[in-house]
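Visitor: Residue 619 in numbering that gives the first Met the number 0 sits at position 620 of the sequence shown; the count goes up by one each step and never skips.
Don't be surprised by glycine CBs; every beta carbon is placed ideally from N, CA and C.
Keep in mind that this is a model prediction, so the values were computed, not measured.
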Amino acid sequence: MCFDSGSWIDSTIQLNENKKLGFIRFSRNKTYEKNGNSWKSWLWQQYSVDKYGNLKNSTTLINLPETSYEDPNMNYSLITIVPTVEDGYLAIFNYTNPPFSIAPRNGLCAIPISYNNPQFSQKIDIFQTEQPINSVSCDQTNSFIHCIVSINFNNETFNGIVYEEIKIYPSGNVFSTHEIYSDQRSLRAKMTSFFNLIFDITEYNNTDKNIYYNIYYYNASESRLELQNSFIITNYFRVNAVTQNNTFLLASPNTIDNISWSLFIIPLLNSNDYRYDNVFINKTIPAINDTVSPLTTLLIITFNHPVVLSESTSNITICKASDGSIRQRISATMHNFFNISSDGLSISINVSKSTFNEYGEQYIVTMDNNFVKGAKWNEPLRGIHDGIWILKTDMPKNQKPNQDKTIMGLVRLTQEASKKFSAFKNNQSAYIAYIHRLLNNIGTKVPINHSRLSSNNKIQKLFQGQIVIPIRINAATHENERNASELASDLAYLIMFKNITTISFGIANDLDQSYDFKLLGFIQNNWDEYKSQIIAVIMAFLMFSLFFHILSYKLKSECFERINTAIYIIGLIVPNFIFTIFFAINYSDEVPDLYWPSVLVLCVPIFINFCIKVITIYQGIKDPVIGENFKKWVMEYRILIAMFIILIMTDFIYLEILKDIVKIKYTKINKIYDRPEQFNRLEYIFQVAIICGTFVDLSFRNIPQIVIQIIYYNSDFVLVYTWVPLLLLITANLKIFMTIYYFVCKIIILDLDK
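1. Give me, in chain order, the residues of the same chain whose beta-carbon lies closer than 6 Å to that of D650; leave out the 5 immediate sequence neighbours on both sides.
2. For a test of the three-state rule: what should DSSP assign to M333, helix, strand or coil?
3. CA-CA distance, I644 and L518?
4. Taking the alpha-carbon positions, what's the N133 to I339 distance?
5. Could you give the C-beta distance for A474 and A483, rounded to a whole number, given that I count them as a contact under 8 Å?
6. Ignore the nearest five residues each way along the sequence and tell me which others in S597's own chain have a CB closer than 7 Å to its CB.
7. How many Å lie between I747 and Y741 at the Cα?
8. Could you give the first and the last residue of the continuous alpha helix (DSSP H) run that contains V603?
9. Assuming K444 is part of the alpha helix (DSSP H), what are its boundary residues?
10. In its own chain, which residues sit with a C-beta less than 7 Å from the C-beta of H449, not counting the 5 before and 5 after it?
11. Per the DSSP calculation, W376 is bridged to which residue(s)?
12. Could you tell me if Q523 is buried or exposed, where buried requires 16 or more neighbouring beta carbons within 10 angstroms of its beta carbon?
13. Give the straight-line distance between the Cα atoms of Y653 and L646, rounded to the nearest whole angstrom.
14. Which whole-angstrom value describes the C-beta separation of T11 and I80, a residue pair presumed to lie in contact below a C-beta threshold of 8 Å?
15. Which value, in whole angstroms, describes the spacing of the CA atoms of D770 and Q532?
16. Of the residues I232, I466, S292, which one's Cα is nearest the Cα of S353?
17. Measure the C-alpha to C-alpha separation of P446 and R328 and round it to an integer number of angstroms.
18. Would DSSP call K189 helix, strand or coil?
19. Between which residues of its own chain and D3 is the CB-CB distance below 8 Å, once the five residues before and five after are set aside?
20. Using three-state DSSP, classify T95 as helix, strand or coil.
21. Between which two residues does the beta strand (DSSP E) holding L308 run?
22. Restricting to Cα atoms, I'd like to know which of A286, W41, S47 is closest to K19.
23. In or out: S222 buried (at least 16 other Cβ within 10 Å) or exposed?
24. Among the residues of its own chain, which have a CB less than 8 Å from the CB of A320, if the five just before and after it don't count?
25. I need the straight-line Cα distance from W43 to A109, nearest angstrom please.
26. By alpha-carbon positions, which one of N253, D199, Y211, F279 ends up nearest to A240?
27. Considering only the beta carbon of each residue, do F578 and V723 sit closer than 8 Å?
28. Report all residues from its chain with a CB closer than 7 Å to the CB of N151; omit the five preceding and five following residues, and keep chain order.
29. Hey, how far is the Cα of S67 from the Cα of Y216?
30. Please name the residue in I616, N732, F99 whose C-alpha comes closest to that of I702.
31. Across the region 371-381 and the region 450-458, are there enough close Cβ pairs to call them in contact, namely three or more that are closer than 8 Å?
32. Tell me which same chain residues have a C-beta within less than 8 Å of the C-beta of I499, skipping the five on either side of it?
33. Kindly list the residues whose CB is nearer than 6 Å to the CB of I232, restricted to its own chain and excluding five residues on each side of it in sequence; keep chain order.
34. Does the Cβ-Cβ distance between Q13 and P111 come in under 8 Å?
35. Going by beta carbon distance, what residues of the same chain come within less than 7 Å of F143, once the five residues before and after it are set aside?
36. Among L89, T615, I569, which has the Cα closest to the Cα of F685?
Structure, rendered in structure tokens:
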């Protein structure tokens, strides 16, 4: 990056707490004049640097702090710019009030500056004094900004320097102010990243004629200085800094001509002795450098003070150390992935089983600033930055590649992605290219060696037009590779929790998280798991049906016969009809030329049953024996007749029920207890209709349905054989069995009654 010569002279630059967000630049802007008064303004510019090294100015603020011709004698000078944990900045100014002001002569003010926010912020007074301010040192530590102000005192009681500590929230509001130390020497104060205060001073020793650079640790509990390090240097000129790992760097020239320099690296005392570069964090589970596995599903962070979750966009991120790829990222607003203890001292983070899934890999866990806040003061806390909380996985033990087996499975596209994919219907090369890109994206993110991923490109459209794509995961060929079943599980969890995993980026985001990764084939993969339940239900149904049918004959009880009919309808007839509708609507179009046969199997019996019912009523009305009375019955119970017409359209079994109702109602209306010829005629009319309905049900519904289901199951177009076609096949076979059984039983009963 290049700048015009001299354009950035007299500028102050401060990096953002989040280095990816760039830096802010402060410079004097220009002088304003009005009504004979003049004053200066300042220019603030937020810059970011892209991955190509290009510099971009994203925000500009002018005249901050706001000054005008009304207070031209208010003199401001920038002390420092401190980055805050909210990715903003806090600018600290020293100001001097005019002599005629009633306010204290000297003071400090803070101005919060939000990241990329062009709004002006009100300045906040943080310290005022009548005494001259000698120096100010401000640093960010944990969630606060600490300023050490040295003030010159010269009066009858004390002649020296008083050191005041000011603790400031990132918002600019003062938390506390108090005097911490006084000395006659002019010490320079610095705050370490572990909340320790150190002082340094260059002193000449008259005894040995050497220049000493002394570093003192401030013992807060006893309000005194303790000498930590002392060095002999050859030049008063020196540069120092405190690093984030609590190390003091001192650069000093070796000779007067400044040709050669010495760099002193001085480990500083850490009274808190925390390993997370954050005094608020006590420990983590797992700890730093602990070993984890794919079965690790929980991380715990324990704090020294109660915390609450922030409502910010801050994240806890788990990424691979080898390439920096993200494995899981959870925002502070995703409360279903977190649990805070009742005392607020620990937070548990749920981790997907697919996160720590690579052998011999290191993973870095980071927590963004402002992920949590202090529960007592409601101010954002510092997080855990990159490179501190490192976890690792071991290599596999006793794993043999030849024991692995290839796995076939399915992924489903979202409705929106399915619509886009459907546009490739007449362009085979386009949808094959899409599948290829999807496989590459999945292979990178699981990760799976791309040579182990493939697809036969036979897509299938499911309910609501969503597309299903088959994926093949080949068996492992090396002992250090995860086997196919483990990779299938990883892929399933990545898709299931895609809102927090890397699947949510790129073309893999087209995958439907409610479907995850299904193993191919229902019967092949699930029969062993569900066969006991399926057989048990079938046997229970048959036993109850046969039992009540036998009882109804032995006891000549209409009650048991009605119970048997209810079991037959509820357990078999109703489910079969529902499955027939679902199959015709949602599954039949998966196999070419199967849709219309399925629709006909559904509709033709309904139409024929309707005709049978209408003809039966017509014959009853026109019958010379019972016609007149039958007509009266139909007119009086026309609503009941209409209801049964609808039911009979679905299955002939409802004719049996209507026949019994007709007998009862017909007798009640006409009081024909001693006219068996009318009963026999009524029985004959309905019995003919029932036989016709049975024939229609077998010939036009159940047998064709079984044929359709066999074709459907054996079709290459069907990738997922689900519950609906399976249960439809079972109920269709059961209906045929029960129809034949009842017919045989009726013949036997008639022979026994003779």
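Guide: Inspection of the coordinates gives the following:
1. I572
2. coil
3. 44 Å
4. 46 Å
5. 5 Å
6. F582, A583, S587, I707
7. Distance between the alpha carbons of I747 and Y741 is about 10 Å.
8. 594-621
9. According to the DSSP assignment, K444 belongs to the alpha helix (DSSP H) that extends over 427-444.
10. N439, G442
11. According to DSSP, which records beta bridges pairwise, W376 is partnered with nothing at all.
12. Confidence is the limiting factor: at Q523 the pLDDT is only 48, short of 50, which leaves the residue's position unreliable, though a coordinate-based value still follows. Flag for Q523 reads exposed.
13. 6 Å
14. 6 Å
15. This structure leaves residue 770 out entirely; the chain is present only between 0 and 753.
16. S292
17. 17 Å
18. strand
19. Residue placement at D3 is flagged as unreliable, the pLDDT there being 48, under the threshold of 50; the coordinate-derived value follows with that caveat. So no residue of the chain qualifies.
20. strand
21. Start and end: 306-308.
22. S47
23. exposed
24. E360, Q361, Y362, I363, I389
25. 15 Å
26. D199
27. yes
28. Q130, P131, N133, I160
29. Low confidence applies to S67: its pLDDT is 48, below 50, so where it sits in the model is not reliable, and the reading given next is rough at best. Approximately 43 Å between the Cα atoms of the pair.
30. The shortest Cα separation from I702 among I616, N732, F99 belongs to N732.
31. no
32. Taking C-beta separations shorter than 8 Å and ignoring five residues to either side along the sequence, the partners of I499 in its chain run Q327, R328, I329, M333, F336, S351, following chain order.
33. I210, Y212, S251
34. no
35. K166, I167, Y168, F174
36. T615
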